[in-house]
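Chains as they are written, first to last, in the working numbering: chain R, 14 to 330; chain C, 14 to 330; chain F, 14 to 330.
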């Protein structure tokens, strides 16, 4: 297996099967630190640079929390508007990264443009982790989902997935790429206008992913061991934030996971994942059911980032 | 006395008399660290999560500074707009907190909605400190005021208070609740439209607080040992920030503490508190008088937060 | 030589020749820490307060990175809008600083008003470093430029400078003041409307700086050992950020350093500095030429701030 030290984490296409398992195993090894709520010294000599050009709570803070749990330092920006990159200079990724690489030892970048972290990695002498790039990918989120499954089920192979949401989104891309490395049939359920693009389907077929598409969660929920949900209701981005305030539509029943649906149709040991935040695709009364694992994912999100940071910084083999 | 470890700090109604003194004593014990300007290792294994949905300099930075003085780590957000909570998702407090609780070991929350930190505490498995909630309370600020009095006077009981400002504000609520535990008569001076609400007065009477109301600082200043001032001039929040820029009215003499007033009417050993920022209710020429203690409060604000963090995290008994 | 411990770093007019060399030597001594990408414990007992009233990437993050490399803590604000100083209170520098001085052990301040850090230093009991004040100065940036020259050339005296840009800007002021302490002739090239003010020229003549002005880079590039470039194209600040978005003019040839110009006219061992961000005054194809040192400056910017922080905090003699 290639060493993770110094490697970028841009796309789950770049990870081989045994590398996925290695990340999950290192995460499991580090998990007690987070569970016992203590910060250790593993990365006390290292600094994380967060470069977030788009709003984020979970992805940015989970990386920061992971760095703190491992005793490291954190610098960077949570808002491109407060930087030269965000003002009239519209500084290039290259110019920004040729600076950021000296401010720390690993960069986590979220960017509204697909491919921006790849461009950053091209110029940076330190590892770049993709914290979500436009319609591109969101590899650390999907590693968190996989870790949640791995810890709950003790396995990944052989489990059937149901993914609900906007199939053009970055998490769905990372999910599909990840599952190509495992024996995991998946059914994608989305509104027609949010379905897998033809280009992406062609790519998935090349990878021999066992996938199908459906128009209603009821068509696929009975078989699913893992149900991963994302919003399908989108705000009207042509309106200002204020105008949008009350503008949250209702999720159609086709794409909604209710308590009744779970009780009547889902496997009793299926697990329900959501990276959050949510609209109304999972109503709050699902939170206390036996299927819900999305709170657990917040915890696991820290653990997985601990593993990734320790690995790319060479603190864990 | 109940242990502070793991406890929330939401309202000063929740603190008993001996608990107030315990916080003040722990603060006094930790004060040398801040005075000697050094960071120690007491909380090096812990992380503070700041969750600020409203602008703040003092409250947020005093908590951060306190955490740093105790060697701890800090993560979180200073601006809800940069999070999913602040954008169109308008994520619920529950959903946000079920995430934040894994990013650190204690949360300090400021929120524009009264009761938001209480809602957070309901869901969080780690302590929540109220950093100011709408019209609700601001317990850590008033603990800072009490500590300032305690350190200056060596006592709290038996001192007469004069409070000037908007009596509907959160600091006044926390102040009144705190004083119910001590032998401290207080006179509230405010414009009529900013006076104590009937509901709050009824509550205070139940607590047997010895309070009265007056319309002019001159009516109460001669007896006061402690003069606590807040702004009574408010901006017109129906205007945008830019429209408001020059829109700061003048504080009427009734609610203003001038150098002449202090020299002519105040007790020679009275102390003058203000949590700052100020409008013109205390003119700058008061700063160098013997009464002023508001600079000292900034220092004390760090010391008190050191005590609270050390207590709720179990690092001090 | 006066001790640096406890001193403010407001203007390069305040530094004597041997003090410049001392800062550069301390930087050189600390450089291996940054080069080896590790954080040490030199300032682990200290906290840096960043007080940035204007957007910045490099200056803020280079100070933060320097503090982290030396094991220190960081708090503060990157955006005045999120503080009481930035909202309707428009809190005075005095009131803000009488608070910030208790939140850490050294303040780095950027402010849109010239002289603001000087006002801060007047009230603060801890050192204040000027991170750029309006049209005033930008001392830490020019120390970074000097360090880059010193490390590359092994000397400062006897080198000829060419400075291109807006001569009313703070970096140019700091540069000119710095060079008065060395034997460094300099030619300033700028558009007529951005030339040295008469007042500033009179000041420079008093300092016996050997300077001249020219209207085209070609007039001065052949002799230059050091070429320092800043933008001359400015956005139209009367427009909103959105209106300005595509509003970046082209830099006239007079003020532009192209690959051809360097190849045909520049000394083969000249070095080209730019504090970045840039508009188009240095096209990207210059980046890989032998003259370019602006990436190196990003690294040196951390090293120089490490030296300044260690010196004013008394951790290095």
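Think of the CB as a built atom: it goes at the ideal place given N, C-alpha and C, for glycine as much as any other residue.
Would you check if the distance between the CB atom of residue 299/R and the CB atom of residue 270/R is smaller than 8 Å? yes
Taking 8 Å as the threshold (beta carbon to beta carbon), is residue 91/C in contact with chain F? yes
Give the interface partners of residue 306/C over in chain F, defined as CB-CB distance under 8 Å, in chain order. Within chain F, no residue comes near residue 306/C; the closest Cβ sits about 12 Å away, beyond 8 Å.
Out of 15/C, 185/C and 76/C, which has the shortest C-alpha to C-alpha gap to residue 320/C? 76/C
Assuming the contact rule is C-beta atoms closer than 8 Å, residue 174/F and residue 237/F should be a hit. Round their C-beta distance to whole Å, please. 6 Å
Length-filtered (3 minimum) beta strand (DSSP E) runs lying within the region 182-239 of chain R: 199-202 and 224-227
Span of the beta strand (DSSP E) holding residue 151/C? Unbroken run through residue 151/C: none, as it is neither H nor E.
Where residue 45/R and residue 161/R are concerned, what is the direct C-alpha to C-alpha distance, given to the nearest angstrom? 15 Å
Comparing alpha-carbon positions, which option in 216/R, 207/R, 223/R and 110/R lies nearest residue 171/R? 223/R
From the DSSP output, which residues share a beta bridge with residue 286/C? 241/C
CA-to-CA distance, residue 37/F to residue 31/F, given in whole angstroms: 10 Å
Candidates 155/C, 136/C, 142/C and 178/C, of which the one nearest residue 310/C by Cα: 155/C
Close Cβ partners of residue 132/R (< 6 Å) along its chain, the five nearest in sequence each way excluded: 106
Boundaries (first-last residue) of the beta strand (DSSP E) holding residue 145/R: 141-146
Please classify residue 312/F: does DSSP put it in a helix, a strand, or coil? helix
Any beta carbon from chain R within less than 8 Å of residue 52/F's own beta carbon? yes
For the pair the region 281-298 of chain F and the region 117-130 of chain F, tell me if three or more CB-CB distances fall below 8 Å. no
Cβ pair residue 157/F, residue 39/F closer than 8 Å: no
Please compile the residues from chain C whose C-beta is within a distance smaller than 8 Å of the C-beta of residue 77/R. 88 and 116
Determine the direct distance from the alpha carbon of residue 288/C to that of residue 81/C, and round the result to whole angstroms. 22 Å
In angstroms, rounded to a whole number, what distance separates the CA positions of residue 53/F and residue 142/R? 25 Å
Cα-Cα separation between residue 7/F and residue 15/F, rounded to whole angstroms: Limits of chain F in this structure are 14 at one end and 330 at the other, which puts residue 7/F out of reach.
Compare the C-beta of residue 224/F against all C-beta atoms of chain R and say whether one is closer than 8 Å. no
Assuming the contact rule is C-beta atoms closer than 8 Å, residue 182/F and residue 148/F should be a hit. Round their C-beta distance to whole Å, please. 7 Å
Is it buried or exposed, residue 229/C, if we count other Cβ atoms within 10 angstroms and call 16 or more buried? exposed
Measure the alpha-carbon distance for residue 153/C versus residue 186/C and round it to whole angstroms. 12 Å
For residue 209/R, which residues from the same chain have a beta carbon less than 7 Å from its beta carbon, with the 5 sequence-adjacent residues on both sides left out? 180, 201 and 226
Suppose the cutoff is 6 Å on Cβ atoms and the five residues either side in sequence are ignored; what does the same chain contact list for residue 220/F look like? 193
For residue 108/C and chain R, any beta-carbon pair shorter than 8 Å? yes
Given 7 Å as the limit, tell me if residue 326/R has its C-beta closer than that to any heavy atom belonging to the ligand SAM. Judged by which ligands are present, the structure shown has none, so any question about the ligand SAM falls away.
So, at 7 Å on beta carbons, what are the nonlocal neighbours of residue 6/F in its own chain, with the 5 sequence-adjacent residues on each side left out? Residue coverage of chain F in this structure runs from 14 to 330, which leaves residue 6/F outside it and unanswerable.
Please report how far the alpha carbon of residue 168/F lies from the alpha carbon of residue 322/R, in whole angstroms. 41 Å
Cβ separation of residue 239/R and residue 301/R, assumed to be a contact under 8 Å, to the nearest whole Å: Going by Cβ atoms, the distance from residue 239/R to residue 301/R rounds to 19 Å, so no, they are not a contact pair.
Report yes or no: is there a C-beta of chain C within less than 8 Å of the C-beta of residue 112/F? yes
Kindly say whether residue 32/R, judged by its beta-carbon, lies nearer than 8 Å to any beta-carbon of chain F. no
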